[in-house]
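Numbering (the working numbering), first residue to last: 347 to 663.
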């Protein structure tokens, strides 16, 4: 395969790949221009603009408990800027260091927020747009494109999504395994801080008295995500918001890159059937890469995932 990823032998571990960038990667880009985008329900989205006068815009969606200045977002931003793109990296509600105003926060199917960001971005006069997302942001990106279907804006040239938990129920099962406890505890620790703050603002809606008993996304999504966002329970949320069932509705070129050793992803996150992928989605499953890893030690500081995105864009723009 022309775009095969081959890390050095000592990085051929899904767990090491998943934690290495967070611990050791530093990416420098010029300070972005921040913007606050009001929403129709009296809330707001916080955006980071990296502008250089291009007519092409890339929109990047981060992962669970991430934000617009994580190394993986900045790494792709730097690579795209070098190829002449403007970049808009946005923060999900409650992410980026600013708590949102509504009881709701963010979830894997909040495509109404991505839809508003895309519309706002394109309204600035761009004639071409590219979408990319990591982990939860990858699911959100593909779900949005599936929902748009034939109505997708003609200026959107394609999308690349990395480490996509497109089977949310299966991924929740994976993270509930004892061997994944370190990841689950980290997510719950971060989410606990947010739910504590929200419980102080909305004490009648959000109760955190026994939050410590929560050990999985099954429990967290049942107790918080589902009721706060209009779903019956966790299973209903996962069923409605998994991108897997909407991939064949996508009508622009889309590349989904899921490493075979990703500790977060279930078997269903590697669909091979044309009836599932549809005519426009391609799955690449490198043997290594972990979860939002794909570490590379090149002289230019790029990771393989960023090189792959640039190669994809050369084929669609």
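Note that the Cβ used here is the ideal one computed from N, Cα and C, for glycine as well.
Counted as a single uninterrupted DSSP element, the beta strand (DSSP E) harbouring residue 602 occupies residues 600-603.
With respect to residue 512, residue 488 sits close: the two C-beta atoms are nearer than 9 Å. Of all alpha-carbon atoms in 351, 463, 369, the one lying nearest the alpha-carbon of residue 395 is that of 463. Straight across, the Cα-Cα distance linking residue 372 with residue 523 is about 31 Å. By the neighbour-count criterion, in which 16 or more other beta carbons inside 10 Å mark a residue as buried, residue 494 falls on the buried side.
Between the C-alpha atoms of residue 444 and residue 542 there is a straight-line separation of about 14 Å. In the structure shown, residue 441 falls within a coil segment according to DSSP collapsed to helix, strand and coil. Where residue 404 is concerned, there is no enclosing alpha helix (DSSP H), although the beta strand (DSSP E) around it starts and stops at 402-407. For residue 587, the uninterrupted alpha helix (DSSP H) run begins and ends at 580-587, by DSSP.
By the Cβ rule, the segment 462-479 does not count as touching the segment 601-620, because fewer than three pairs are nearer than 8 Å. At least 9 Å separates the beta-carbon of residue 393 from that of residue 431.
Between the segment 604-617 and the segment 515-522, the count of Cβ pairs shorter than 8 Å is three or higher; the stretches touch.
Remark: C-beta atoms of residue 455 and residue 409 do not approach each other more closely than 9 Å.
Counting only unbroken stretches of 4 or more residues, the alpha helix (DSSP H) elements lying wholly within the segment 494-536 are 514-521, in sequence order. Bridge pairing for residue 572: absent [DSSP].
Within the same chain, 541, 542, 545 come within 6 Å of residue 554 by CB-CB distance, once the 5 residues on both sides are set aside. The beta carbon of residue 434 sits closer than 8 Å to those of 393, 394, 395, 396, 403, 404, 405, 406, 463, 467, all from its chain and outside the five residues before and after it, given in chain order.
Going by beta carbons, residue 453 and residue 583 fall inside the 9 Å limit. If only uninterrupted alpha helix (DSSP H) runs of at least 4 residues are considered, those enclosed by the segment 352-395 are 360-370. Within the DSSP bridge table, the entry for residue 479 names 407, 507 as partners. Here residue 660 carries a helix assignment [DSSP, helix/strand/coil]. When DSSP states are grouped into helix, strand and coil, residue 435 belongs to the strand group. A residue is called buried once 16 or more other Cβ atoms fall within 10 Å of its Cβ, and residue 423 is buried on that count.
In this structure residue 566 touches residue 534 by the C-beta definition: roughly 7 Å separates them, less than 8 Å.
Bounds of the beta strand (DSSP E) holding residue 629 are 627-630. For residue 597 against residue 626, the beta-carbon gap comes to about 6 Å, under 8 Å, which counts as contact. Leaving aside the five residues that flank residue 419 on each side, the residues in its chain whose CB is nearer than 6 Å to its CB run, in chain order, 406, 408, 435.
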